[in-house]
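Asks: Protein chains in written order, with the working numbering: chain P, 69 to 331; chain R, 58 to 326.
Idealized CB from N, CA, C, for every residue including glycine.
Since we're looking at a predicted model, the values are computed, not measured.
#1: So, using beta-carbon positions, are residue 190 (chain R) and residue 327 (chain P) closer together than 9 Å?
#2: With residue 332 (chain P) as the anchor, note down where its alpha helix (DSSP H) starts and where it stops.
#3: For residue 68 (chain R), does the three-state DSSP call read helix, strand or coil?
#4: Name the chain P residues that come within less than 7 Å of residue 138 (chain R), Cβ to Cβ?
#5: Would residue 176 (chain P) and residue 209 (chain P) be called neighbours here (beta carbons separated by less than 9 Å)?
#6: Counting only C-beta atoms, is residue 328 (chain P) closer than 9 Å to chain R at any point?
#7: Select from the region 120-138 of chain R all residues with a C-beta closer than 9 Å to any C-beta belonging to chain P, and list them in chain order.
#8: Scan the region 147-180 of chain R for residues whose Cβ lies nearer than 8 Å to a Cβ of chain P and list them as they occur along the chain.
#9: State yes or no: is the beta carbon of residue 88 (chain P) nearer than 9 Å to at least one beta carbon in chain R?
#10: Using a 10 Å radius around the Cβ and a threshold of 16 neighbouring Cβ atoms, would you call residue 289 (chain P) buried or exposed?
#11: What did DSSP end up calling residue 195 (chain R) once you bin it into helix, strand or coil?
#12: Whole angstroms are fine: how far does the CA of residue 114 (chain R) sit from the CA of residue 107 (chain R)?
#13: With burial defined as no fewer than 16 other Cβ atoms inside 10 Å of the residue's Cβ, what is the status of residue 139 (chain R): buried or exposed?
#14: Specify, as a first and last residue, the run of the beta strand (DSSP E) that residue 218 (chain R) falls within.
#15: In whole angstroms, what is the alpha-carbon distance linking residue 312 (chain P) and residue 258 (chain P)?
#16: Quick check on residue 214 (chain P): buried or exposed, where buried means 16 or more other Cβ atoms within 10 Å of its Cβ?
#17: Checking contacts by CB at 9 Å: is residue 221 (chain P) closer than that to chain R?
#18: From the beta carbon of residue 190 (chain R), is the nearest beta carbon of chain P less than 9 Å away?
#19: So that I know if they touch, is there some Cβ in chain P lying closer than 9 Å to that of residue 113 (chain R)?
#20: Are the C-beta atoms of residue 244 (chain P) and some chain R residue less than 9 Å apart?
#21: What are the boundary residues of the alpha helix (DSSP H) that includes residue 322 (chain P)?
#22: Can you give me the C-alpha to C-alpha distance between residue 271 (chain R) and residue 87 (chain R), rounded to a whole angstrom?
#23: Since residue 141 (chain R) meets chain P, which of its residues come closer than 7 Å, beta carbon to beta carbon?
#24: Going residue by residue through the region 146-195 of chain P, where are the continuous alpha helix (DSSP H) segments of at least 4 residues, counting only ones entirely within it?
#25: Helix, strand or coil for residue 232 (chain P), going by three-state DSSP, please let me know.
#26: Given residue 298 (chain R), which residues of its chain have a CB within under 6 Å of its CB, disregarding the five upstream and five downstream residues?
#27: In chain order, which alpha helix (DSSP H) runs of at least 4 residues are fully inside the region 114-201 of chain R?
#28: By alpha-carbon positions, which one of R:224, R:146 and R:181 ends up nearest to residue 193 (chain R)?
#29: Take every Cβ of the region 249-269 of chain P, pair it with every Cβ of the region 144-157 of chain P, and state whether three or more of those distances are shorter than 8 Å.
#30: By the 9 Å beta-carbon criterion, what residues does the region 257-275 of chain R contribute toward chain P?
#31: Shorter than 9 Å from the beta carbon of residue 255 (chain P) to some beta carbon of chain R?
#32: Which residues, in chain order, does the region 305-322 of chain P contribute to contact with chain R at a C-beta distance below 9 Å?
#33: If the cut is a Cβ gap below 7 Å, which residues of chain R does residue 237 (chain P) touch?
#34: Using the three-state DSSP reduction, which class does residue 88 (chain P) fall into: helix, strand or coil?
#35: Indicate whether at least one CB of chain R lies closer than 9 Å to the CB of residue 229 (chain P).
#36: Residue 199 (chain R) touches chain P at which residues, Cβ-Cβ below 8 Å?
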């Protein structure tokens with residue numbers, strides 16, 4: 069990890085670079101293509117008006133769109149993690165089942181989230197549940213795979229110690245193998261979160277249901293409201309960063325970093 | 058049968074290989090007395106660790122049998138505690154919780170378990186670190202906790218697999234002295250595996266020298282020096298030198314300074 073003294077100047081420089089690229093692209097588009105490419109200050113002003121609820125996007129407030137996306141994300145991710153953990157644990161307890169499932173999960177893992185759309189539509193039609201099904205299908209494989217990998221990576225000595233202490237298989241699993249698998253599992257949960265967030269936005273573009281950040285971005289094709297689209301892209305990034313650093317940063321602080329287990 | 062006695066009866070072990078079985082241990086036949094600090098000395102990869110795993114019960118010998126306190130070893134158990142080269146503490150548990158894992162089997166109630174825990178922490182001199190996590194401790198302290206966790210099982214035999222090899226010399230010598238103190242105070246049988254001649258000469262009551270794999274006994278020696286031994290002592294130095302020659306890595310013939318413990322016991326015909 070970088071020290072504070074190195075991290076903050078680097079971040080400031082990155083932000084400046086981003087602004088520089090933004091302005092360059094904006095001026096190029098305005099000059100060469102005569103199109104109104106939103107400038108940073110325009111985007112900022114529009115964002116403040118949306119925050120203050122003075123403007124609406126497609127008849128809804130910014131908060132409604134953001135809330136709809138976050139709700140889909142939360143529901144899809146929770147469902148994906150739940151059956152990911154369920155399958156992973158079942159596979160660990162019944163090795164035969166684990167071996168049968170492993171190739172299937174790997175195949176599912178390779179299918180991009182959006183490629184599930186035909187199957188999802190056939191299964192549940194086009195509605196809120198479509199997006200949640202897509203999201204959970206993308207979130208599940210990394211959880212199963214990381215759990216299996218983590219369990220496999222448990223040091224042999226830990227298992228030997230547990231057997232020497234006379235611990236049974238159940239206690240050994242929950243008190244030795246599962247905690248030993250935690251670094252892998254957290255990495256998997258993290259990957260699942262990032263993957264599923266991307267699918268939230270993408271699925272809203274396709275199976276749009278009137279609300280959501282992805283839906284808004286897609287609609288800017290027709291409304292020509294690019295400034296709003298830019299704001300939504302920014303919000304997507306912020307949500308991803310908050311989940312990544314806020315939630316997982318805290319989770320790792322109370323587990324892996326406290327135990328010196330970070331990989 | 059005596060508690061803490063370890064009997065190896067013509068123990069052999071082989072792994073199945075691509076072209077026939079690969080012999081790792083060949084016909085070890087020796088009796089280790091209760092309370093003895095018995096060193097097994099041999100080059101790396103000669104099958105010393107396999108021998109400990111067999112005694113600990115994590116593998117079955119393909120030939121012969123192993124008796125501990127008169128009972129045949131059939132699987133792992135707390136009466137044969139193994140200490141590894143690396144401390145192998147559970148990183149998600151504090152020092153106290155790591156040691157308690159070993160105590161849980163015998164002490165179901167919290168109060169006596171706590172009392173025993175305090176005793177063990179006192180024994181290794183780490184009372185102040187009870188609530189620390191392993192990664193906050195130095196390598197030497199971690200290995201002491203590993204020792205305490207093994208002792209928490211109240212084993213009849215302590216099996217030590219090069220436990221001090223990964224430590225720097227000063228810490229290693231301190232822990233060697235602590236191990237001698239534990240051996241004296243607790244009177245437990247200790248089987249100490251090492252590839253370090255100096256360590257074997259300093260610690261052992263007897264030393265079994267093994268050949269490069271498959272492990273055969275090349276010498277079984279009783280060390281005629283009483284404990285406590287003085288590091289840098291001339292006799293100890295000569296012992297080390299002879300052990301080095303006995304290891305068979307060198308073409309010089311050893312002078313017969315050491316007294317064979319029991320020539321018929323070391324290698325059966």
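Replies: Taking the coordinates as given:
#1: yes
#2: Beyond the ends of chain P as shown, which are 69 and 331, falls residue 332 (chain P); an answer cannot be given.
#3: strand
#4: 232
#5: yes
#6: yes
#7: 132, 133, 134, 135, 137 and 138
#8: 147, 148, 149, 158, 159, 161 and 162
#9: no
#10: exposed
#11: coil
#12: 10 Å
#13: buried
#14: 214-218
#15: 7 Å
#16: buried
#17: no
#18: yes
#19: yes
#20: yes
#21: 316-322
#22: 17 Å
#23: 225
#24: 163-178 and 185-192
#25: helix
#26: none
#27: 152-160 and 167-181
#28: R:146
#29: yes
#30: none
#31: no
#32: none
#33: Per Cβ cutoff of 7 Å: no residues; residue 237 (chain P) is ~13 Å from chain R at best.
#34: helix
#35: yes
#36: None at all; the shortest Cβ gap to chain P is about 11 Å.
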